[in-house]
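Report on the following structure.
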Amino acid sequence: MNPADTLEEARRRIGTCDDLDALKEIERELVGRKGIVASLLAEIPKLDPSERKARGQEANALKQAILGLLKERREEIEAGRLDAARRAEGFDPTLPPPRARRGSLHPITQVTRELEDLFVSMGYEVLDGPEVELDHYNFEALNITKDHPARDAQDTFYCDEEGRLVLRTHTSPVQIRAMEKREPPFRVIAPGRVFRQETTDASHDHTFYQMEGLVVGKDISVAHLIGAMKTLLRGIFGRDLEVRLRPGHFPFVEPGFELDARCPFCPSGCSVCKQTTWIELLPCGLVHPNVLRMGGIDPEVWSGFAFGLGLSRLVMLRHGIDDVRHLLDGDLRFLEQF
Amino acid sequence: MRVSMRWLERHVDLADVTPEQLCDDLTLSTAEVEGLERFAPSLDDVVVGHVVSREKHPDAGRLSVCRVEVGEDAPLPIVCGAPNVAAGQKVAVARVGTLLPGDFKIKKSKIRGIESHGMICSVRELDIGEEHDGIWVLPESAEVGQAVSRALGIGDWVIEIDNKSLTHRPDLWGHRGIAREVAAIYERPLHPLETTLPEITPGTPPMDPWPVAIETTGCSRYVALPIDGVRPGPSPDWLRWLLLAVGQRPIDLLVDLSNFVMLDLGQPNHVFDRNGLERRGRGIVVRNARAGESIETLDGEMRKLQPSDLLICAGDEPVALAGIMGGEGSKVAETTGSLLLEVATFDAATIRRTSTRLGLRTDSSARFEKSLDPNLPMAAAGHFARLLAAIEPAARFPAPATDVGDWQDPSTTIELRGDRVRTALGKALPNEEIRHILERLAFEVEAEGSPDEGRFRVHVPSFRATKDITLEQDLVEEIGRIHRYGQIEEKPLHFDIAPPPRDERRQLVRHLQDRLAGGARFHENLSYTFIDDALLEKLGDLDLPHISVINPVVQNESRIRRSVTPSLLPALETNRRNRTDVRLFEIGKAYEPEHANDRGEPRERHLLGLAWAGPRPSKKAAYHENRLMRLQSILEDLVRSWGCHEPRWTAEGPRPSWAHPGKCLFLELEGPAGPVAVVADLEPGLAPALGLSGDLDSEVALAEVCLDRLLEAERGGTGYKPLPRFPGIKVDVAIAVPESMPAAELIGLIEEAGRRQVADIELFDLYRGRSVGPGRKSLAFHVLLQSEKKTLTDKDERKFLQRLGKLLGDAGGEIRGI
């Protein structure tokens, strides 16, 4: 084959080749060690010396031309491949990815953590207290004597006939336990589970969660209490809410208050605030001198405030949960949502 | 408690005070107002009509056709079915468009061919009484065309106050007490109330005071006033309307007046028929019940009594359960005119105990249990007698009131420091204002020392002194609430900065929660502390010591759990119905009464329970694809990531009832005295009882971790190890051994063969089958050989395998080709 035909043939084969491996094969056949160009070159020594130079140049030119074609084609194929890769053929952007399975933390845990973090950042200590509690801590030391009518309001589960051991009806007993083990000043919170002996329905359960707070220091006043409660509400709702303090009677505080906040869910009345625009959120007050004394603290020197926050209620408010019993019935269809 | 505004106006001027304003002010200064409603709102729409004429309906004998003047251009034609309608009457007319109770709208209609443009109403149609025999005939003086409520002056607002917010305020259980608060809030005078007993008009023969003997400490004062000349009959309208407004059904004069005095002054009282008393025995005796005694109360119930209960007796015969309810025999007979009014003070705790035990709460017991002022009985007797005398001129008081008991005036004096008030409220209230507020609330205030000193002696009137006000701090509340807490500016707290002490328990709880809800994909559950007897029975744990409540809400759920994992078991069935793979954990408290401390507190344990249920793995699944083993590795991860080292598994430990007898392992750590965790398959016998058989047949792995022990475990880094200087070689080796050889033993042999060059051993396959033969198993390991001195070569690997082969040969095993 003469070089011109060879080049023509090479051009045809290279031009129709779509594959890098096949192109390598063509390269080997044409310009490889045993390829066509090599055989052309091998014949040169046999030629008449006058022709050798010209034929040599011719063969080298052929080789260069073929190499050029190969390089060009290779680049084309690579560019085509990239184009094809970029075209993303058959890709369906709406195809659902495999379900990401995850576990979950109970909504009570989530809200408890938020509040713990908020209070810890303000130097409060987080305390734990027993759920099976001595009557002494749950009632007596909190200024609620045996026949105090306030015991009615807290339907109590009794663990023995003598009424010495009860399921705590509030987290307030932790107040006394905290005072017994600490020297003022101090500030603590105690989230936990509490119990009331009452029939359950969508808005009442016999087991629910509260968080107690107690601050003891010098000259603690109602003004400090208001400030602390506003900070707490800001932490919960992420903005300032108007609050109002009104008298509320709890034997372990004096004066005692109910703190209402402007309903964060409506401008002018909704089902959450029962059309009043206020939601009752925090029973609180200055610690009763008798309670300080029961905790071994001199009320002439020290004073304090305490508050209680319904965590179950807060979780329900926050997520719009319509039945409190979901919180404790272990249904994954509920738990998975958090 | 329901409070009528019109009633309040008997005691204090409410001019210019709107009902809404009053509710807000009471809420902010006194007690929680739960609701405000218009009394009988239909009376605001129904107008006074004058029946101009009444004719028989031409086509219906029982109906009348009336023309009723209602102040419009022309009288309205109204067809009326009542037998008592008559020309000339003033009546209550619901005009067309008026909405009556029960969503009943009056429309223009034709009754048997005659047009009717309204309705003449009965009291029942207006929801203010039961009578339905005829229409309500209004007094002659009622002005035609006016709303009935206005014409009769009975328009009223009723305020509902939350009883719970009054538990500490015996003085607020009557209208006068509320009025006293209102007077203080609005700085208006409280109208004086005359309560001295009216004049005694001795009969013939003259009568001695009624004998009363108190034989118990449960009654500190007993006032008895004989009354003659009163016959039971209806009460006057003013009294009926006030009672109706607060939701009391008027009955007859004596009952109504007794209720009125209670709702006015907050002092319960009782009217006995003297003839009835005399038939039983002369004289009242107040005593404790005797063992085995009982009384039939007015509600017809037979009540079994205990010696702690108080009785009012005529002679020896019980006639009333003191302070709670009269006896069936104490009713006033229709014909008698001779009565005995009882007004007494009973011990609050005694009344409360009896009333709670008998489940008998009455308006009377609710008041007595709040500790009533012992000064009240005489005032209430006087109030009753004066009202009665005004209503019933024939009433006479034939003998002086008996007044016995060893009561003491509870009024007291408290030292008050103005500085203390200012410090507690956080507001600079002037001494003058402190004094002024207290005086508005009927405290008497004397300044001590010089006036600027701000020291006071505050005299607490008896009606506030029985329970509520005993300390300086109580006066602070009085000042704060009347001044209004809303007037106090918030202040920031100032404390020395110090981080709170390290809280390892809370850190651990968060660590476990995050790890489990994260990579392990468990869902956190919280379940009840009570555990069902039926579940305990299935588990065979019913005989274990449990704390139990004596008054459970659900009958078989009185026991408090002593372990957390069982609480998760009932949730498995329901969840397996909805979800294939169920992973739950719970961190909670559990109680062991057998380990109580000397104060009687049971031992509290903090436990993490885990339950994992799902379909059984296929036959082809790898050895580690079962939940027990996966749970083991989750537990290892939990403790390692907490910083504990070398978790050890052992089969020796206290197996819980839910655990499979063979597949049960305990996790031990350096430090605590016992295992930190137990992990096991579910005891197979429990699966059907838990609903996990048949179509819900499940592989269930369970675990429980004791947080208290985990907190005792040693933690801390293992220290930095220099990176290997020479590359290691990874040798994969499969070894066939008899079934009886435990993996641990085999791993020991590999370590021995490696001569301290074994840097890591990891099992990656476990195989049983034809190619290893019966009674044998094959375990395949990745073994990493590494030296600190040189690069290991093929030669080292060969030597290792030779040594291993020899050791295995001695133990009945062999290396298989890989």
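As they're listed, the protein sequences go chains R and W. By the numbering used here, the letter at position 244 of the first sequence is numbered 250, and the numbering carries on one by one without gaps. By the numbering used here, the letter at position 614 of the second sequence is numbered 628, and the numbering carries on one by one without gaps. Ideal placement from N, C-alpha and C gives every residue a C-beta, glycine not left out. No experiment lies behind these values; they were computed from the predicted model shown.
The C-beta separation of Val714(W) from Leu737(W) comes to about 43 Å, leaving the pair out of contact by the 8 Å criterion.
Between the region 459-468 of chain W and the region 322-341 of chain R there are fewer than three C-beta pairs closer than 8 Å, too few to call the two in contact.
When the five nearest sequence neighbours on each side are left out, the beta carbons in the same chain lying within less than 7 Å of the beta carbon of Val357(W) are those of Val237, Gln281, Asn283, Pro391, Ala394 and Ala395, in order along the chain. For Leu231(R), there is no enclosing beta strand (DSSP E); the enclosing alpha helix (DSSP H) covers residues Val228 to Phe243.
For Leu204(W), no CB of chain R lies under 8 Å from its own CB, so it is not counted at the interface with that chain. DSSP places His212(R) in the coil class of the three-state scheme, outside both helix and strand.
Bridge pairing for Ile134(W): Val107(W) [DSSP]. Minimum Cα-Cα distance from Arg590(W) among the listed residues Trp663(W), Leu268(W) and Gly708(W) corresponds to Gly708(W). Boundaries of the beta strand (DSSP E) around Gly310(R): Ser309 to Gly316. As summarised for the region 772-823 of chain W, the continuous beta strand (DSSP E) elements at least 3 residues long and confined to that stretch are 772-781 and 790-799, given in chain order. Taking a beta-carbon distance threshold of 8 Å, Leu338(R) counts as an interface residue toward chain W.
For His397(W), the enclosing alpha helix (DSSP H) begins and ends at Leu390 to Ile405. Counting only residues of its own chain and dropping the five nearest sequence neighbours on each side, Cys272(R) has a CB closer than 8 Å to the CB of Val278, Cys279 and Thr283. Comparing alpha-carbon positions, the option among Pro741(W), Leu780(W), Gly742(W) and Ile743(W) lying closest to Leu760(W) turns out to be Leu780(W).
Within the region 197-225 of chain R, contact with chain W at the beta-carbon level (separation under 8 Å) is assigned to Arg199, Phe201, Gln203, Glu204, Thr205, Thr206, His212, Thr213, Val221, Gly223 and Asp225. Note: Tyr164(R) is bridge-paired with Val172(R) in the DSSP secondary-structure output. In the three-state DSSP reduction, Phe256(R) falls in the coil class, being neither helix nor strand. The beta carbon of Leu485(W) falls within 8 Å of a beta carbon belonging to chain R, placing the residue at that interface. Secondary structure note for Val523(W): its alpha helix (DSSP H) is the uninterrupted segment Glu518 to Ala531.
Chain W places no beta carbon closer than 8 Å to that of Asp123(R), leaving this residue out of the contacts.
With its beta carbon less than 8 Å from one in chain R, Gly500(W) belongs to the interface. Residue environment: Pro253(R) is assigned as buried (16 or more neighbouring CB atoms within 10 Å of its CB, all protein chains considered).
In this structure, the straight-line span from the alpha carbon of Ile214(W) to that of Met221(W) is close to 11 Å. The DSSP assignment places 662-664 as complete runs of the beta strand (DSSP E) inside the region 627-674 of chain W, in order along the chain (cut-off: 3 residues). The three-state secondary structure of Thr215(W), taken from DSSP, is coil. Of all residues in the region 99-124 of chain R, only Arg107, Arg108, Gly109, Ser110, Leu111, His112, Ile114, Thr115, Arg119 and Glu122 come within less than 8 Å of chain W when Cβ atoms are compared, listed by chain position. Think of a sphere of 8 Å around the beta carbon of Phe145(R): no beta carbon from chain W falls inside it, the nearest being about 14 Å out. Listed by position along chain R, the residues whose Cβ is nearer than 8 Å to that of Gln527(W) are Leu111 and Thr115. Per DSSP, the unbroken beta strand (DSSP E) holding Trp171(W) starts and ends at Trp171 to Ile175. Residues of chain R with a Cβ closer than 7 Å to the Cβ of Thr359(W) do not exist; the shortest Cβ-Cβ separation is about 16 Å. Comparing C-alpha distances from Phe382(W) to each of Leu806(W), Thr181(W), Val137(W) and Val47(W) shows the shortest one belongs to Thr181(W). For Gly233(R), the chain W residues whose Cβ falls inside 7 Å of its Cβ are Glu504, Lys505, Pro506 and Leu507, in order along the chain. Contact annotation: Gly247(W) and Arg410(W) have beta-carbon atoms that are not nearer than 8 Å. A straight-line Cα-Cα distance of about 5 Å links Leu173(R) and Val138(R). A Cβ-Cβ separation of about 5 Å places Gly132(W) in contact with Arg109(W) under the 8 Å criterion. Residues of the same chain with a CB within less than 8 Å of the CB of Leu312(W), apart from the 5 flanking positions on each side, are Met339, Gly340, Gly341, Glu342, Ser344 and Lys345 in chain order.
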